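Using the working numbering, you'd call the opening residue of the sequence shown number -16 and step up by one each time.
Using N, Cα and C, we set each Cβ at its ideal position, and we do this for glycine too.
These numbers were taken from a predicted model, which means no experiment stands behind them.
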Amino acid sequence: MRNHGISLICTGLVRVKKPFMTRQGGPITSRLRILTSQDFTPDLPIFAWLIAHPEGDILVDSGMSGGLLRAGYLDSLGRFDAWLSRRLCTFALKPGEQIGKQLPLIRPSGTRGLRVVMTHLHIDHVDGLSELAGCEILVNEAEWAHPSGAPKALLAPFKPKRFAFDRNGDAIFGQSYPITRAGDVIAVPTPGHTPHHCSIILRRGGVSYIFAGDAVYNQGQLLAGELAGAHMDARRAADSIERLRAFTRNNPAVLLPSHDPDAARRLAENEIVPR
Ligand SMILES: [Zn+2]
């Protein structure tokens, strides 16, 4: 699906435990509830987003590779990572859904001249990098230096371009980093889900498209200020949600979180976040 030069690529599905999705209680209770719960959400999409851009196309996050199609794939990434992934969520991927198969269908030149910018380094955002050889990878330098919950074995081969935020950047987020020379694609800090999570904003045709990663799991969480149990730092996550909300009050914006089942429809209809 392609709208406003944005292609949405669904690279498999994930179910997460319900307390992972919605936080209840303090930090310890919240984590215990996640570990002990047997109650899963319905299938949620794992989106990557391709932005067509005159300076060179940009992929926001990489989604999943075809690794899950091979038995024992998660274990190959490290026992602890595999255990953790299984405790929190279940993935489902059909042949052909991996990023490496879908990208050439919507971008005939495949990975040539493509840049990939990461919101954060959780497996469902970085796994596809193994099928994107030759792309320049952009990562917030603090997220790279202090990854949280990231599959380190999977990331070890990559040498991303690490960027630092400019303190005099965006007024609402305090900092930003321009991904394009035109300044129409920027990264802004939205920490909390991971300590250095960021969101990517594309300004096009008078509308801001916010690729919010996992800062919120869906638009309802933005509107209600609802925290996910998965956020590492609840206070900073709440602050990021407030800033995202302030941004959507000040700018007509379409919100595109990585796992929001309604994001495809909102993108297709160019539906602005209620002010
Ligand atoms: Zn995440």
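Return helix, strand or coil for Y192, following the three-state DSSP convention.
strand
Is the beta carbon of A211 less than 8 Å from the beta carbon of T5?
yes
Considering only residues of the same chain and omitting the five flanking positions on each side of P143, which have a CB-CB separation below 6 Å?
I120, V122
Tell me the rounded alpha-carbon separation between P178 and E124.
12 Å
Through-space distance from D26 to L(-4), alpha-carbon basis:
6 Å
Whose beta carbon lies closer than 5 Å to any heavy atom of ligand 1, going through the chain in order?
H105, D197
Select from P161, G188, A165, G189 the residue whose C-alpha is nearest the C-alpha of S182.
P161
Contact between the segment 34 to 41 and the segment 68 to 84 (3+ Cβ pairs under 8 Å):
no
Using the beta-carbon count (16 or more within 10 Å), is Q21 buried or exposed?
exposed
If I follow the unbroken beta strand (DSSP E) through L185, where does it start and stop?
181 to 187
DSSP on E80, reduced to helix/strand/coil?
coil
For D216, name the three-state secondary structure that DSSP assigns.
coil
Please state whether DSSP places N233 in a helix, a strand or coil.
helix
With a 10 Å radius around its C-beta and 16 neighbouring C-beta atoms as the bar for buried, classify F3 as buried or exposed.
buried
I'd like the ranges of any alpha helix (DSSP H) spanning at least 4 consecutive residues and lying wholly in the segment 35 to 80.
56 to 59, 62 to 71
Can you name the start and end residues of the alpha helix (DSSP H) that K135 belongs to?
135 to 138
Who are the near neighbours of P87 in its chain, counting only those whose CB is closer than 8 Å to its CB and skipping five residues on each side?
G93
Kindly indicate which residue of D44, L67, P78, S(-10) has the alpha-carbon position closest to the one of G50.
P78
For R249, three-class secondary structure by DSSP:
helix
Which term fits E80, buried or exposed, when burial requires 16 or more other beta carbons within 10 angstroms of its beta carbon?
buried
Helix, strand or coil at A165 according to DSSP, with G and I counted as helix:
coil
With a threshold of 8 Å on Cβ separation, who are the neighbours of G96 within its own chain once the five nearest residues in sequence on each side are excluded?
G39, D40
From R16, T(-6), T163, pick the residue whose C-alpha is nearest to that of M47; which is it?
T(-6)
On the three-state DSSP scale, how would you describe K1?
helix
Can you tell me whether DSSP reads L238 as helix, strand or coil?
strand
If you draw a straight line from the alpha carbon of L104 to that of K135, how long is it in whole angstroms?
9 Å
Taking the C-alpha atoms as reference points, what is the distance between V171 and P10?
26 Å
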